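Working notes for the structure below.
Numbering (this note's numbering), first residue to last: 13 to 233.
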């Protein structure tokens, strides 16, 4: 395939993978994207590690949603997608969509250097929070925008932004029975960015380390 085969450069940038390119592991939780682990571990009460010496709160990340309490002392992983990475996002687990929030914000770069120097980076950038009911309980999947990445979309909604809004937008899907299977496409970014998985306190822990390169479909636990 050549760039010339695509109508727009963004079509090339967000192209799908060839069948079988990313086998889906036989694990209850798999990696949703190609990228590198920025941070991973246990949520310290309500605090998530952004970089050495820098934490931010679940509440800030989720726009002060009362469901933030579900993730107290839970687990998280933050995965950075560089501009060269595959840009579609897939389900890490089987889940039923409960709701989605669009939270307006800045568009700082989200690379490691910025994460080490900008307080509350992921809670300040524009983001989309998807809530799923799963076998582990309520899980939150956060798509964080970044410089040049002011465009995100999901398979159930289509393009979320632009147009850009100044207020939080809430979308309720509880009555629509939208169920996605592990490995199915969830959405896409239009350049590199970051995804954050939040899980309640349970016995499945991420088998990952900081800076590890990961591929969509590989086992996370």
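For every residue, glycine included, the Cβ atom is placed at its ideal position computed from N, Cα and C.
Predicted, not measured: the structure shown is a model, and the values here were computed from it.
Alpha helix (DSSP H) segment containing residue i, residue limits
i: residue 70; result: 70-73
C-beta contact flag for residue i and residue j at 9 Å
i: residue 51; j: residue 60; result: yes
i: residue 48; j: residue 121; result: no
i: residue 43; j: residue 181; result: no
i: residue 173; j: residue 98; result: no
i: residue 83; j: residue 228; result: no
i: residue 156; j: residue 233; result: no
i: residue 165; j: residue 199; result: yes
i: residue 65; j: residue 88; result: no
i: residue 143; j: residue 112; result: yes
i: residue 193; j: residue 67; result: no
i: residue 154; j: residue 220; result: no
i: residue 163; j: residue 201; result: yes
i: residue 58; j: residue 80; result: yes
Residue interval of the beta strand (DSSP E) (run including residue i)
i: residue 150; result: 149-156
i: residue 272; result: This structure does not reach residue 272, given that the chain is present from 13 up to 233, and the question cannot be answered.
i: residue 199; result: 197-201
i: residue 100; result: 100-102
i: residue 170; result: 170-173
i: residue 184; result: 181-184
i: residue 228; result: Per DSSP, residue 228 belongs to no beta strand (DSSP E) and is neither H nor E.
Exposed unless 16 or more other CB atoms sit within 10 angstroms - verdict on residue i
i: residue 176; result: exposed
i: residue 90; result: buried
i: residue 140; result: buried
i: residue 137; result: buried
i: residue 62; result: buried
i: residue 152; result: buried
i: residue 184; result: exposed
i: residue 178; result: exposed
i: residue 85; result: exposed
i: residue 226; result: buried
i: residue 223; result: exposed
i: residue 21; result: Note that residue 21 scores 46 on pLDDT, short of 50, meaning its location in the model is unreliable and no value can be drawn from it.
i: residue 33; result: exposed
Best match in the options for proximity to residue i [C-alpha to C-alpha]
i: residue 109; options: 163, 150 and 220; result: 150
i: residue 147; options: 130, 227 and 213; result: 213
i: residue 77; options: 135, 206 and 118; result: 135
i: residue 75; options: 54, 117 and 193; result: 117
i: residue 191; options: 38, 103, 68 and 37; result: 103
i: residue 2; options: 45, 209, 33 and 218; result: The displayed coordinates of the chain run from 13 to 233. Any statement about residue 2 would go beyond what the structure contains.
i: residue 186; options: 202, 197, 125 and 145; result: 145
i: residue 70; options: 36, 132 and 37; result: 132
i: residue 158; options: 169, 170 and 119; result: 119
i: residue 188; options: 216, 32 and 169; result: 169
**Message:** Quick check on the DSSP output: what are the complete alpha helix (DSSP H) runs of length 4 or more inside the region 109-139, in order along the chain?
**Reply:** 124-129 and 133-136
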